[in-house]
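A.B. asks: Let me begin by handing over the structure; questions about it come next.
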C-alpha cells in the first residue's frame, strides 16, 4: 500500500519539474529590451510591421507565431483563439504573421507566440506574450486589458514575463 503514495509523489514531482523546465523568460536573449529602450521604438516597430504587411495598423492586433512546431505554441493555441474572438468583438482586425516572414522581426522578438496590439491611431499599445505561467493558458492572460484600448501613452512591454514560450535563444 505504501507503493502507491510513493509512486504518486514521484509522478507529481516529475510533472512539476517537467513543467518548470518549459517556463522561460519571454525575452531571455534581451533583444526586446535592447530594442525597446531605443528612442521612438514604438513608432519604428509599427513601421516595421505596417511596411511588411503593406497596410495601416489602426485598430489591429498582430498575432506573431513561429513556423517551428513548438509545444508551447500548441499549448497556447486555445488562448490565442479566445483572444482573436475578443479582438473581433471589439471591432479590431486580427492579423496573423510568422516571425520568420518579416525581415528584422526575429532580431527583436526571440520568443513566440507573441502579440502586438495597436490602438485607434495605429500606435503600439502592447507587445509581448499572450500570457504567463506554465502552459500560457488563458487564466494567466496578460494581453486582455490592452485589447480594447483606444489610445495609449506608450506601449506596455512585459520584459520580465515568464511562461511557456518557443524561444530562438
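Residue numbers (my numbering): 20 to 188.
Ideal Cβ positions, reconstructed from N, Cα and C, are used throughout, including at glycine.
1) Excluding five sequence neighbours on each side, which residues of the same chain lie with their C-beta closer than 7 Å to the C-beta of residue 43?
2) Please name the residue or residues paired with residue 137 in a DSSP beta bridge.
3) Could you say which of 164, 179, 140, 166 lies nearest to residue 61 if we only look at CA atoms?
4) Run through the DSSP bridge pairs and tell me what residue 81 is partnered with.
5) Alpha carbon to alpha carbon, how far is residue 137 from residue 77? Give it in angstroms, no decimals.
6) Between 142, 131, 172, which lies nearest to residue 85 when the distance is taken from Cα to Cα?
7) Do the CB positions of residue 171 and residue 135 come within less than 7 Å of each other?
C.D. replies: A quick look at the data gives this:
1) If the five residues before and after residue 43 are omitted, its C-beta is found closer than 7 Å to the C-beta atoms of 181, 184, 186, all from its own chain and listed in chain order.
2) In the DSSP output, where bridge partners are listed per residue, residue 137 has 143.
3) Comparing Cα-Cα distances from residue 61 to each of 164, 179, 140, 166, the minimum goes to 140.
4) 114, 135, per the DSSP bridge assignment.
5) Rounded to the nearest whole angstrom, the C-alpha separation of residue 77 and residue 137 is 6 Å.
6) If we check each option's Cα against that of residue 85, 131 comes out closest.
7) For the pair residue 171 and residue 135, the CB atoms are not nearer than the 7 Å cut-off.
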